Amino acid sequence: MSGRPALQGLAAAAALLLALACGPAEEPAPQRRWNVVLVTLDTTRADALGCYGAPGDPTPNLDAFAAGGVLFERCAATSSVTPVSHASILTGRDPYAHGLRVIHAGSSWRLAADVPTLVDALGAAGWRTGAILSSFTVSEHFGLDRGFDHFDNGFGAGSFETTDGGKSTWPTRRYQRRSDRTVDRALEWVEADGEPFFLWLHTWDPHDLQMLPPEDVVRRFLPEGARGTRPQPGAPPLEIYRAEVHWVDAQLGRLLDALDAAGHADDTIVAIVADHGEGLGEHGWLGHRLLYEEQMHLPLMMRWPGGPAGARVDALVRSVDVAPTVLDLLGLPALPGVQGASLRGLAEGRPEPPRLAYADQLNAWDTNGHVAELRPQDDLLHVLRDRRWKLIHKPTQPERSELYDLDADPDEAVNLYRADHPEAVRLLAELERRDPFVLEPFPEVEDPTGLDGVDDALRELGYTGDEDEVELEEDGE
Ligand SMILES: [Zn+2]
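Okay, so the sequence shown: first residue is 267 according to our numbering, each after it adds one.
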């Protein structure tokens, strides 16, 4: 007790020093007014990047970025469809907590209006906010525009820019934009007045085959002797996929170089993360909507002024950790209700309690996908995992659930599930505590956006499961 007055005196002195250091007390300014650039790479598997082990130097710009910042070796997605996963990145919440559960259904395809986002927090604190995006699947239809001063994805305005010259047999290009054009628009927006700014840049190219990089880029990735066409239907379009990832890398190189040239290396947080990966034939599947690691393992890398350079974090982290990390680095209050947590400690080499990662795919209730018809065993999927053990729980057919030891079996080839396996019991108990299950179709509600052409847009982006053939033209564009 005798020490209390002295401690109080010390505390008062410390508070005074803190107040002096932070400026006038009436100004609750954040600690740092750094710019924020969030890049989301659609459909980009971690192992498609050189810094995650891809051979052939496909992504020199992202590799250099990672070498100058921190790379997270094991980042998990919350979903393998675009709007659901992006809602998690923007809110720090798992899908059951942000309300955007499927692409298309009677309801629950829209971010819940009362869920705060990263852009809400930054806009309220005085950041200029802009989203420069590349596909309908991150549009205002899904509520992902909320809070942005500037929201540029073209849909509804009839202005989706293309560089294809009309060579595709699909009109898909009305609903997507190639990353060279997206980066051009982003650079224009960044160069306009107003700092600090928050830019969300989204790239789409590897999602499908409907909009290709210039032909000379594609040809570099085609097998010896290939002439003019992509691989035949039924064969994994691996070469095109690699070419598209490489093309995105080149465009992001332009963005990062421009940021550096403008001095933003010293005043900007840059976070680069994917929304999901892509099945390229593993587990008998091309595309996403499943929850195996080819869909779920994301690249995640970050850089901030004074932050670690060349760090690699081996712990399991999640896309829901990105928004909390940004707010933590800026000294802004955390978003309420998040499942994510700041990655700063891990990035700076401090030990932290292990994290659990959640994901789901409500394929049975998504009226725009055919997964539940094609793969009835994958109608409703809920994942909970730690760094080693991964449970894929199937609530309507629990006997077909899957359990993988990712240390011993990273390709998820050996299903160890049995109802009394201790790891399955442990992970299922935590899943049930969270209660993310949806056992009936979502009820019909009126579309609050009133956008015309939603069904056309989804069909043209390939969400009906149709396949298409694209000829590579000699002049590329
Ligand atoms: Zn996506």
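A virtual CB, placed ideally from N, CA and C, is assigned to each residue, including glycine.
This one's a predicted model, so the numbers in the text were calculated from it and none came from an experiment.
7 Å Cβ shell around L388 - same chain, five flanking residues per side excluded:
Within the sequence shown, residue 388 is the residue found at index 122, counting from 1. If we look at L388 and ignore the five residues flanking it on each side, its Cβ neighbours are V302, T395, F464.
Starting from T395, trace the alpha helix (DSSP H) in both directions and tell me its first and last residue. In the sequence shown, residue 395 corresponds to position 129, counting from 1. Run containing T395: none in the alpha helix (DSSP H); it sits in the beta strand (DSSP E), 394–398.
Q. Sorry if obvious, but does the Cβ on H364 come closer than 7 Å to a heavy atom of ligand 1?
A. As a working mapping, residue 364 is identified with position 98 in the sequence shown. The answer is no for H364.
Quiz item: Does any heavy atom of ligand 3 sit closer than 7 Å to the C-beta of D644?
Solution: Among the ligands in the structure shown, ligand 3 does not appear; only ligand 1 can be found there.
Residue(s) in a DSSP beta bridge with L552 = Counting from one through the sequence shown, the residue named residue 552 turns up at place 286. Looking at the DSSP assignment, L552 forms a beta bridge with L546.
Residue range of the unbroken alpha helix (DSSP H) whose run includes T591
Taking the sequence shown and counting its residues from 1, one reaches residue 591 at position 325. That run of the alpha helix (DSSP H) goes 588–596.
**Item:** Contacting residues, own chain, Cβ-Cβ under 7 Å from L284 (five flanking each side not counted)
**Value:** Counting from 1 along the sequence shown, the entry for residue 284 is found at position 18. Model confidence at L284 stands at a pLDDT of 44, short of 50, so the residue's coordinates are unreliable; what they give is reported in the following sentence. For L284, where only same-chain residues beyond five positions count, there are no Cβ hits under 7 Å.
Taking 7 Å as the line, does the beta carbon of D541 fall inside it for any heavy atom of ligand 1?
Taking the sequence shown and counting its residues from 1, the one referred to as residue 541 is at position 275. At least one heavy atom of ligand 1 is nearer than 7 Å to the Cβ of D541, so yes.
Task: Euclidean distance between Cα positions of R443 and A528 - done: Numbered from its first residue, the sequence shown carries residue 443 at position 177. Numbered from its first residue, the sequence shown carries residue 528 at position 262. Distance between the alpha carbons of R443 and A528: 26 Å.
Q. Out of curiosity, what's the CA-to-CA distance linking E427 and S401?
A. One-based indexing of the sequence shown puts residue 427 at position 161. One-based indexing of the sequence shown puts residue 401 at position 135. Residue placement at E427 is poorly supported in this model, since its pLDDT is 46, which falls under 50; the coordinates still yield a value, given next. Approximately 11 Å, taken between the alpha carbons.
When the distance is taken between beta carbons, is L596 closer than 8 Å to R298?
In the sequence shown, residue 298 corresponds to position 32, counting from 1. In the sequence shown, residue 596 corresponds to position 330, counting from 1. The answer is yes: Cβ separation under 8 Å.
For A330 versus L564, is the C-beta spacing smaller than 8 Å?
-> As a position in the sequence shown, residue 330 is number 64, starting the count at 1. As a position in the sequence shown, residue 564 is number 298, starting the count at 1. In this structure, L564 does not lie closer than 8 Å to A330 by Cβ.
- Item | K656 and L647 closer than 8 Å at C-beta | Against the sequence shown, residue 656 aligns to sequence position 390. Against the sequence shown, residue 647 aligns to sequence position 381. Taking 8 Å as the Cβ cut-off, K656 and L647 do not qualify as a contacting pair.
Would you mind sorting A295 into buried or exposed? The rule is 16 or more other CB atoms within 10 Å of its CB.
The residue you call residue 295 lines up with position 29 of the sequence shown. Here the model assigns A295 a pLDDT of 47, short of 50, so the residue's position is not dependable, and the following value carries that caveat. So A295 counts as exposed.
query = If you compare alpha carbons, which of L307, P642, A363 is closest to S445?
reply = In the sequence shown, the residue the question calls residue 445 occupies position 179. That would be L307, whose Cα lies nearest to the Cα of S445.
Open item on the list: For a test of your reading of the model: does the CB of T534 fall under 7 Å from any non-hydrogen atom of ligand 1? Yes or no.
Closed with: The residue you call residue 534 lines up with position 268 of the sequence shown. Incorrect: T534 has no Cβ contact closer than 7 Å to ligand 1.
query = Does DSSP put S667 in a helix, a strand or coil?
reply = Stepping through the sequence shown from its first residue, residue 667 is reached at position 401. Coil.
Report task. Would you kindly work out how many angstroms separate the C-alpha atoms of T633 and G545, rounded to a whole number? Result -> Residue 633 sits at position 367 when you count from the first residue of the sequence shown. Residue 545 sits at position 279 when you count from the first residue of the sequence shown. Cα-Cα distance, rounded: 21 Å.
| Going by beta carbon distance, what residues of the same chain come within less than 7 Å of G611, once the five residues before and after it are set aside? | As a position in the sequence shown, residue 611 is number 345, starting the count at 1. Correct list, in chain order: E618.
Fill in: Pair within 8 Å by beta-carbon distance, L366 and P349
Start at 1 with the first residue of the sequence shown, and residue 366 comes out as number 100. Start at 1 with the first residue of the sequence shown, and residue 349 comes out as number 83. Against a cut-off of 8 Å, the Cβ pair of P349 and L366 comes out as a contact.
- Query: Just the Cα atoms here: how many angstroms apart are W300 and A391?
  - Reply: In the sequence shown, counting from the first residue as 1, residue 300 sits at position 34. In the sequence shown, counting from the first residue as 1, residue 391 sits at position 125. Using only the alpha carbons, I get a separation of about 12 Å.
- Message: Does the beta-carbon of W308, which I'm using as the reference point, lie nearer than 7 Å to any heavy atom of ligand 1?
- Response: For the purposes of this step, residue 308 is taken as residue 42 along the sequence shown, with counting starting at 1. Note that residue 308 corresponds to Asp in the displayed sequence, not to Trp. Yes - ligand 1 has a heavy atom lying nearer than 7 Å to the Cβ of D308.
Q.
Check whether the stretch 501–514 and the stretch 522–538 touch, using three or more Cβ-Cβ pairs below 8 Å as the test.
A. no
| task | Report whether the distance from the Cβ of H473 to the nearest heavy atom of ligand 1 is below 7 Å. | result | If you number the sequence shown from 1, residue 473 lands on position 207. For ligand 1, at least one heavy atom lies less than 7 Å from the Cβ of H473.
Per DSSP, W466 is paired with what? Reading the sequence shown from its first residue, position 200 is the one you call residue 466. Answer is L304, A397, bridged to W466.
Which residue from D482, A320, G606 puts its Cα closest to that of L384?
The residue labelled residue 384 in the question sits at position 118 within the sequence shown. Ranking the options by Cα distance to L384, first place goes to G606.
Let's see if you can read the secondary structure: which residues bound the beta strand (DSSP E) around T534? Your numbering for residue 534 matches position 268 in the sequence shown. Start and end: 534–540.
**Request:** Confirm, please, whether the CB-CB distance from R555 to Q643 is below 8 Å.
**Result:** To locate residue 643, count along the sequence shown from 1; it is residue 377. To locate residue 555, count along the sequence shown from 1; it is residue 289. It is not a contact, given that the beta carbons lie outside the stated cut-off.
### Task
With a threshold of 16 other CB atoms inside 10 Å of the CB of A575, please say whether the residue is buried or exposed.
In the sequence shown, the residue the question calls residue 575 occupies position 309. Looking at its Cβ environment, which holds fewer than 16 other Cβ atoms inside 10 Å, A575 is exposed.
Fill in: Residue range of the beta strand (DSSP E) that includes W655
For the purposes of this step, residue 655 is taken as the residue at position 389 of the sequence shown. Start and end: 655–659.
- In terms of residue numbering, what span does the beta strand (DSSP E) encompassing F338 cover? Sequence index remark: in the sequence shown, residue 338 carries index 72 (1-based). Element bounds for F338: 336–342.
How about L488 and E510: do their beta carbons lie closer than 8 Å? Within the sequence shown, numbered from 1, the residue matching residue 488 stands at position 222. Within the sequence shown, numbered from 1, the residue matching residue 510 stands at position 244. Taking 8 Å as the Cβ cut-off, L488 and E510 do not qualify as a contacting pair.
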